[in-house]
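A.B. asks:
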Amino acid sequence: MRRFLAGALLFLLLLNSGNALAKDSEYHFIVKHGDSLSGYFSKLGLSNRLLANLLSASPQNKQLNQLNIGESVIIRLHSNRRFKSLSYRSHKKDTIEALLIGTRFVSSSNKDERNLSPLLVTKIVINNSFGYDAQKAGLGLSVVNTVVEALSWHLNFDTDLHKGDRFFIVTNGKKKPIGIIYKGKNKSVEAFSHTNERGKTSYYNRHGYTLNASFLRAPLKYKRISSKFQLSRYHPILKTYRPHRAVDYAADRGTPVVSTADGVVKLKGWKGALGKAIIIKHGANYTTVYAHLSKYARNLRQGGSVKKGQVIGYVGSTGRSTGAHLHYELRFKGKRKDPLSYKLPKQQKVAGSKLWGFRAQVSAILASL
Ligand SMILES: [Zn+2]
Numbered sequence: 002m003r004r005f006l007a008g009a010l011l012f013l014l015l016l017n018s019g020n021a022l023a024k025d026s027e028y029h030f031i032v033k034h035g036d037s038l039s040g041y042f043s044k045l046g047l048s049n050r051l052l053a054n055l056l057s058a059s060p061q062n063k064q065l066n067q068l069n070i071g072e073s074v075i076i077r078l079h080s081n082r083r084f085k086s087l088s089y090r091s092h093k094k095d096t097i098e099a100l101l102i103g104t105r106f107v108s109s110s111n112k113d114e115r116n117l118s119p120l121l122v123t124k125i126v127i128n129n130s131f132g133y134d135a136q137k138a139g140l141g142l143s144v145v146n147t148v149v150e151a152l153s154w155h156l157n158f159d160t161d162l163h164k165g166d167r168f169f170i171v172t173n174g175k176k177k178p179i180g181i182i183y184k185g186k187n188k189s190v191e192a193f194s195h196t197n198e199r200g201k202t203s204y205y206n207r208h209g210y211t212l213n214a215s216f217l218r219a220p221l222k223y224k225r226i227s228s229k230f231q232l233s234r235y236h237p238i239l240k241t242y243r244p245h246r247a248v249d250y251a252a253d254r255g256t257p258v259v260s261t262a263d264g265v266v267k268l269k270g271w272k273g274a275l276g277k278a279i280i281i282k283h284g285a286n287y288t289t290v291y292a293h294l295s296k297y298a299r300n301l302r303q304g305g306s307v308k309k310g311q312v313i314g315y316v317g318s319t320g321r322s323t324g325a326h327l328h329y330e331l332r333f334k335g336k337r338k339d340p341l342s343y344k345l346p347k348q349q350k351v352a353g354s355k356l357w358g359f360r361a362q363v364s365a366i367l368a369s370l
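2 is the number of the first residue of the sequence shown in our numbering; add one for each residue after it.
1) Counting only runs of 3+ residues fully inside the stretch 103–183, write out the beta strand (DSSP E) ranges in chain order.
2) Buried or exposed for Asp-159, please, with buried defined as at least 16 other CB atoms from any protein chain shown within 10 angstroms of its CB.
3) Can you list, in chain order, the residues of its chain with a C-beta nearer than 7 Å to that of Leu-52? Leave out the 5 residues immediately preceding and following it.
4) Using DSSP with H/G/I as helix, E/B as strand and the rest coil, what is Ala-352?
5) Would you be able to state if there are at least three C-beta pairs under 8 Å between the stretch 344–359 and the stretch 53–72?
6) Pick out whichever of Ala-365, His-283, Arg-302 has its Cα sitting closest to the Cα of Lys-334.
7) Cβ of Asp-249 versus every heavy atom of ligand 1: is any distance shorter than 7 Å?
8) So for Lys-94, helix, strand or coil by DSSP?
9) Compute the distance between the beta-carbons of Ser-86 and Leu-100, then report whether it is under 8 Å.
10) How many Å lie between Val-316 and Thr-289 at the Cα?
11) By the 10 Å Cβ neighbour count, where 16 or more other Cβ atoms means buried, how is Ser-364 classified, buried or exposed?
12) If you scan the stretch 50–99 from start to end, which runs of the alpha helix (DSSP H) of 4 or more residues do you find wholly inside it?
13) Which ranges would you report for the beta strand (DSSP E) in the stretch 183–240 if only whole runs of at least 3 residues count?
14) Can you find a heavy atom of ligand 1 that lies under 7 Å from the Cβ of Ser-228?
15) When the Cα of Gly-310 is compared with those of Ala-262, Glu-191, Ala-151, which residue comes out closest?
16) Since Pro-373 and Val-145 are thought to touch, with beta carbons under 8 Å apart, how far apart are those beta carbons, to the nearest angstrom?
17) Which residues does DSSP pair with Phe-333 in a beta bridge?
18) Here's a check: name, in chain order, each residue in its chain whose Cβ is nearer than 6 Å to the Cβ of Asn-116, leaving out the five neighbours to either side.
19) State the start and end residues of the unbroken beta strand (DSSP E) segment that holds Leu-268.
20) Inspect the CB distances between the stretch 334–345 and the stretch 228–241 and report whether three or more fall short of 8 Å.
21) Using the beta-carbon count (16 or more within 10 Å), is Gly-264 buried or exposed?
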């Protein structure tokens with residue numbers, strides 16, 4: 002059990018308002034016995050008149066006069082401590098969003114993220130492996146897979162986990178978790194579900210960005226494409242026709258090669274015809290391969306993480322190769338795809354109109370831990 006002082010500050014998020022200089026502040030309150038909105042207002046130095054304006058701005062705002070224990074209120078202030086906006090979520094799952102523009106409140110009731118109660122939290126402490134410990138904690142295989150898929154853009158389940166690391170899986174009775182939180186020895190990763198306008202449910206960080214990395218189109222500055230993705234190509238060394246499910250980029254020996262997305266180094270070493278090669282895993286489903294390298298970047302470590310655009314090696318002609326070039330493969334679920342045409346995942350953002358509701362859900366999930 003976590004205990005808080007009445008109206009305790011759960012946490013303070015500094016949000017970048019888009020202006021590099023100005024930082025907005027975000028205050029999350031979970032209503033305790035004796036709390037009221039006027040209490041929160043006075044705590045933050047906001048006036049009674051402002052509160053009165055807020056309450057009279059729309060009929061639904063009157064609800065804010067009667068907060069119930071356990072409900073959530075988020076108040077955001079501009080960097081100059083002036084009121085910016087408020088988000089409220091009631092037990093009846095009504096959400097009120099109020100934004101102060103000039104001297105006038107604009108408010109709306111958002112009912113899209115109303116899938117909150119009751120929240121069920123399963124805690125998993127790593128003792129053996131995630132799969133083993135999760136099933137021991139009662140999670141089904143499909144939830145285990147969802148967790149691995151959601152977090153694997155930022156967490157290597159083979160090498161990052163330490164004994165004693167914790168996972169919190171938050172569900173609301175539906176199949177897929179609505180919150181997945183990993184708190185490890187060296188890092189934390191959070192994922193919160195959100196269903197977009199097209200009905201697709203994905204996992205986002207608390208700021209409303211999907212967790213998947215986005216990809217660069219090419220892993221180097223090249224002179225020309227010397228061989229495209231094709232199912233039948235005459236091979237100059239083997240003197241036969243065979244598929245080339247990759248792109249070859251002609252470039253000078255020593256040209257830096259970068260990872261096309263955030264990921265984890267799965268292999269760094271000699272790989273037959275590919276010569277000196279690097280294989281990088283991006284999330285659960287994507288893999289990229291970089292081959293015929295002359296050498297590896299100095300700090301590159303098998304099992305280590307790489308960032309999009311990070312130099313991982315240098316163009317060469319090792320393995321079965323007739324001249325300096327980079328052989329680049331993109332694989333989705335193990336199948337080679339054409340890197341020049343394949344539709345790569347983009348990082349998505351929760352739509353602006355849904356963001357407040359999403360944030361209110363995030364704070365309720367975090368408060369339930
Ligand atoms: Zn090739």
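Using N, Cα and C, we set each Cβ at its ideal position, and we do this for glycine too.
A quick note: this is a predicted structure, and the numbers were derived from the prediction, not measured.
C.D. replies: Walking through what the data contain:
1) For the stretch 103–183, the full-length beta strand (DSSP E) segments reaching 3 residues or more read 105–110, 121–126, 167–172 along the chain.
2) As a first step, residue 159 must be located in the sequence shown, where it is residue number 158. A residue is called buried once 16 or more other Cβ atoms fall within 10 Å of its Cβ, and Asp-159, having fewer, is exposed.
3) For the purposes of this step, residue 52 is identified with residue 51 of the sequence shown, where counting begins at 1. Only Leu-38, Ser-39, Phe-42 meet the Cβ criterion.
4) Along the sequence shown, read from residue 1 onward, the residue named residue 352 stands at position 351. Three-state result, Ala-352: coil.
5) The answer is no - the stretch 344–359 does not touch the stretch 53–72, with fewer than three Cβ pairs under 8 Å.
6) Position 333 of the sequence shown holds residue 334. Measuring from the Cα of Lys-334, the nearest candidate turns out to be His-283.
7) The sequence position of residue 249 within the sequence shown is 248, counting from 1. Yes, the Cβ of Asp-249 comes within 7 Å of a heavy atom of ligand 1.
8) Translated into the one-based positions of the sequence shown, residue 94 becomes position 93. Three-state result, Lys-94: coil.
9) Mapped onto the sequence shown, residue 86 falls at position 85. Mapped onto the sequence shown, residue 100 falls at position 99. Their beta carbons are under 8 Å apart, which means Ser-86 touches Leu-100 by this criterion.
10) In the sequence shown, counting from the first residue as 1, residue 316 sits at position 315. In the sequence shown, counting from the first residue as 1, residue 289 sits at position 288. For Val-316 and Thr-289, the distance between alpha carbons rounds to 16 Å.
11) As a first step, residue 364 is located in the sequence shown; it is residue number 363 there, counting from the start. Flag for Ser-364 reads buried.
12) Taking only runs of at least 4 residues, no alpha helix (DSSP H) segment lies wholly in the stretch 50–99.
13) Those beta strand (DSSP E) runs which fall completely within the stretch 183–240 and span 3+ residues are 189–196, 202–205, 225–228, 231–235.
14) As a working note, residue 228 is residue 227 in the sequence shown. Distance from the C-beta of Ser-228 to the nearest heavy atom of ligand 1 is below 7 Å.
15) For this step, residue 310 is matched to residue 309 along the sequence shown. Comparing alpha-carbon positions, the option among Ala-262, Glu-191, Ala-151 lying closest to Gly-310 turns out to be Ala-262.
16) The requested residue 373 does not occur in the structure, where the chain is confined to residues 2 to 370.
17) One-based indexing of the sequence shown puts residue 333 at position 332. Under DSSP, Phe-333 shares a beta bridge with Tyr-287, Lys-336.
18) For the purposes of this step, residue 116 is taken as residue 115 along the sequence shown, with counting starting at 1. In this prediction, Asn-116 has a pLDDT of 46, which is less than 50 and means its spatial position is unreliable; what the coordinates show is noted afterwards. For Asn-116, the CB contacts under 6 Å within the same chain, skipping 5 residues up- and downstream, are Asn-173 in chain order.
19) Residue 268 sits at position 267 when you count from the first residue of the sequence shown. 264–271 is the extent of the beta strand (DSSP E) around Leu-268.
20) Enough Cβ pairs lie closer than 8 Å, so yes.
21) In the sequence shown, counting from the first residue as 1, residue 264 sits at position 263. Of the other Cβ atoms in all chains shown, 16 or more fall within 10 Å of the Cβ of Gly-264; this residue is therefore buried.
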